[in-house]
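Under my numbering, think of the first position of the sequence shown as 12, with each following residue one higher. Okay, so here's the structure we're looking at.
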Amino acid sequence: MRFGSSKGISTAVGTVFLVLTVFVIGTNIFFWTLAQNTIYNQAVKERNQRDVDRLIENVIATNATFVVPSPGRVNATADLMNAGPISAQIVTLWVLDATQQKYNVTDLRASDINLNPGDSRSLMMIVDIPGADSANVFNAWVVTARGNKVNLATPQTIVVANLAQGIGSMALDFYVFRYFTYVTSTKLANYPSGTSGFNVPSRTFIAFGVVLTNLDPSKRTITLNTYSQCWLYFPKAPGQSTIFYIVSVAADGTITTPYSPITVAFKETKLIVFASDVAGSLSRVSISSSVENLPCALNLLLLGTIGTRDYGQNIPFVSMYVYRP
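Printed below as a string of C-alpha cells:
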C-alpha cells in the first residue's frame, strides 16, 4: 500500500515538473518572439521614417557657375538653400564635362556641409577633370546623406524658345569673351584660356575667342563659313573699323590654313576664334594706334548654313576698351 502511494506521488511530481518545464520553455519562446517582433516593428518604423525624411528633404541649388582657371581644373560654385522642414547634409559633389563625357566626384563629408531648415550656404569646390576647358559644357549635382540628388546646372533647353527665336539660333557666353596674343606667327599664346577681352591692347597682333552654343529650336547643325567675322566699330572715330575673320585652330593653338568650316551641333558649345584680316587664310590683325584709349563695339557677323538652309546672324552684345600697351 505504501509502495503504491509512493509511486503515485512520484508520477504526480514528474508531471508537475514536466508542466513547469513546458511552461518555462513556452514562456521563453513567447518573450523571444515578442522581442523579435518589437525589433522588427522598430526597424520598419525607422525605415518608414527614413523614407519620409528623404521625401520631404528639399535642398535647392541656384546661381551655378563653372570656371576653368587652368586646363583640367573646374571651379564649380553654387548657392545651396535648405527649403525643407528637416536638416540636410551634403556628402558628395559630382561634376560632368559633357563635352568630353568625363566626370569626377568629390567627397564633401569632411567639409561638414550641414543645412538646418531655412539655412543657406555657398559651395565652391575645384574638381580635377583631365582635358577640361572653359569652352566645354559642364553639368554638376550634389548628393545628400539621404541619397537625394540636387542638380547644380540649369538645363539649357529652358532658354531655347526665349533666346533662339528672339535673336537667332546661336547664343554667346558673354562672361568668357577673351583675346589671345601670339607665341609665333601662327600659334596663339595661352590657348584656349586666353585673357579677358573687355580691355584689349592696340598695336599688338591679337585674336578674339568667343564661346557659342547652338540653341536652334529645330535642333539643326550650324556650319560657319569663311566669311564669318568679328567687326569692331569705334563711335568716337567715324570711319574707323577693324575686321577679324574666322580661323581654324588646332588643339595646341596653331592656326591652320586654309580655313575648314566649323560645325556646331544642337546644344553643342564651341570656342570660335577670329584672327585674320583675310577670309579663308591667315593675315594677323592688330588694332590701329589711331583708336587708342577709345571704347568700341564688337559685333559677331555669323554666316553659313543651318541644316540645309542658308544662315546669318548678328550678335552685338560686346563692348571693349582699346588701350595703349
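The beta carbon of each residue, even a glycine, is placed where N, CA and C say it ideally should be. The structure displayed is predicted, hence computed values, not measured ones.
Which residues in the same chain as THR155 place their Cβ atom closer than 8 Å to its Cβ, once the five residues preceding and following it in sequence are excluded?
Position 144 of the sequence shown, counted from the first residue, corresponds to residue 155. Closer than 8 Å at Cβ, skipping near neighbours: GLU68, VAL70, ALA99, GLN100, ILE101, VAL102, VAL161.
Could you pull out every residue in the same chain whose Cβ sits closer than 8 Å to the Cβ of ASN127, ignoring the five residues on either side in sequence?
Translated into the one-based positions of the sequence shown, residue 127 becomes position 116. Closer than 8 Å at the Cβ level, and outside the excluded window around ASN127, lie ASN93, SER98.
For the beta strand (DSSP E) containing GLY179, name the first residue and the last one.
As a first step, residue 179 must be located in the sequence shown, where it is residue number 168. Careful: GLY179 lies outside any beta strand (DSSP E) and carries neither H nor E.
Measure the beta-carbon distance from CYS241 to PHE285 and round it to whole angstroms, keeping in mind my assumption that it falls under 8 Å.
Sequence index remark: in the sequence shown, residue 241 carries index 230 (1-based). Sequence index remark: in the sequence shown, residue 285 carries index 274 (1-based). That belief holds up - the Cβ atoms of CYS241 and PHE285 are roughly 4 Å apart, short of 8 Å.
Is the separation between the beta-carbon of ALA218 and that of LEU199 shorter than 8 Å?
Locating residue 218 in the sequence shown gives position 207, counting from the first residue. Locating residue 199 in the sequence shown gives position 188, counting from the first residue. Yes, these two residues count as a Cβ contact at 8 Å.
I'd like to check one pair, PHE149 with LEU107: are the Cβ atoms closer than 8 Å?
Here residue 107 refers to the residue found at position 96 when the sequence shown is read from its first residue. Here residue 149 refers to the residue found at position 138 when the sequence shown is read from its first residue. In this structure, PHE149 lies closer than 8 Å to LEU107 by Cβ.
For SER299 and THR268, I'd like the C-alpha separation in whole angstroms.
To locate residue 299, count along the sequence shown from 1; it is residue 288. To locate residue 268, count along the sequence shown from 1; it is residue 257. So the two alpha carbons sit approximately 25 Å from each other.
Assuming SER213 contacts VAL333 (C-beta within less than 8 Å), just tell me the rounded distance between them.
The residue you call residue 213 lines up with position 202 of the sequence shown. The residue you call residue 333 lines up with position 322 of the sequence shown. That pair is a contact at about 5 Å.
Buried or exposed: where does ALA172 fall if 16 or more other Cβ atoms within 10 Å of its Cβ makes it buried?
Residue numbering aside, residue 172 sits at position 161 when the sequence shown is read from its first letter. Per-residue confidence for ALA172 stands at a pLDDT of 37, beneath the threshold of 50, marking its modelled position as unreliable; the derived number appears in the next sentence. So ALA172 ends up on the exposed side.
Which first and last residues belong to the beta strand (DSSP E) in which PHE185 is found?
Numbered from 1 along the sequence shown, position 174 holds the residue referred to as residue 185. Careful: PHE185 lies outside any beta strand (DSSP E) and carries neither H nor E.
Please confirm if the stretch 318-325 is in contact with the stretch 274-293, defined as three or more CB-CB distances below 8 Å between the two stretches.
No, the stretch 318-325 is not in contact with the stretch 274-293.
Locate the beta strand (DSSP E) running through LEU107, then write down its first and last residues.
For the purposes of this step, residue 107 is taken as residue 96 along the sequence shown, with counting starting at 1. 99-108 is the span of the beta strand (DSSP E), which, as asked, contains LEU107.
Using 8 Å as the Cβ pair cut-off and three pairs as the minimum, do the stretch 178-192 and the stretch 222-232 touch?
Yes, since at least three Cβ pairs between the stretch 178-192 and the stretch 222-232 fall closer than 8 Å, the two stretches touch.
Are the beta-carbon atoms of TRP239 and ILE257 separated by less than 8 Å?
Along the sequence shown, read from residue 1 onward, the residue named residue 239 stands at position 228. Along the sequence shown, read from residue 1 onward, the residue named residue 257 stands at position 246. Sequence inspection shows Ser at residue 239; the Trp mentioned does not correspond to that position. Closer than 8 Å, so yes.
Nearest-angstrom Cα distance between LEU314 and GLY291?
For the purposes of this step, residue 314 is taken as residue 303 along the sequence shown, with counting starting at 1. For the purposes of this step, residue 291 is taken as residue 280 along the sequence shown, with counting starting at 1. Straight-line Cα distance between these residues: approximately 13 Å.
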